[in-house]
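Asks: End of the sequence shown sits at 94 in the working numbering; the numbers just go up one at a time, nothing left out.
Encoded as structure tokens, here's the structure I'll be asking about.
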Amino acid sequence: RDTDNLAVAIYPFDPLAENHLKLEVGDEVQLLQANEADHWWKGSLGGKEGLFPAKFVRNYRTMPDQQAPSMVLRMATATKDFKGSNASEP
Numbered sequence: 005r006d007t008d009n010l011a012v013a014i015y016p017f018d019p020l021a022e023n024h025l026k027l028e029v030g031d032e033v034q035l036l037q038a039n040e041a042d043h044w045w046k047g048s049l050g051g052k053e054g055l056f057p058a059k060f061v062r063n064y065r066t067m068p069d070q071q072a073p074s075m076v077l078r079m080a081t082a083t084k085d086f087k088g089s090n091a092s093e094p
């Protein structure tokens with residue numbers, strides 16, 4: 005798949021204005037305007053277009069293929085209690 009114009013959300017973003025795009029961690033956003041010098045990028049997600057903070061996503065083009073999934077996993081939040089199975093796990 006072509007990932008040159010694709011980014012993955014690493015933080016959630018709730019729109020502050022009508023022209024903003026809502027992001028959830030792990031969302032893949034089609035980049036429409038993404039200049040590295042800009043603080044806000046324009047993208048498309050779920051049939052909607054809008055602006056979002058550039059720092060809230062990572063562009064697939066600028067990271068190794070295997071890094072994107074692990075980056076999203078590191079940002080995940082546990083929703084259930086976890087009981088470790090050995091002494092090194094809390």
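Glycine included, each C-beta is placed from N, C-alpha and C at the ideal position.
Please say whether L49 and V33 have beta carbons closer to each other than 8 Å?
Replies: Yes; because the gap between Cβ atoms is below 8 Å, this pair is in contact.
Asks: What's the gap between the Cα of D42 and the Cα of G51?
Replies: Cα to Cα, the separation comes out at about 23 Å.
Asks: Report buried or exposed for A72, applying the criterion of at least 16 other Cβ atoms within 10 angstroms of its Cβ.
Replies: Bear in mind that the predicted position of A72 carries a pLDDT of just 47, short of 50, making it unreliable; the figure below should be weighed with that in mind. Classification of A72: buried, given that the 10 Å Cβ count is 16 or more.
Asks: Let me make sure I understand the geometry here. Which of D85, L55, Y64 and K59 has the alpha-carbon closest to that of E22?
Replies: For E22, the nearest C-alpha among the options comes from L55.
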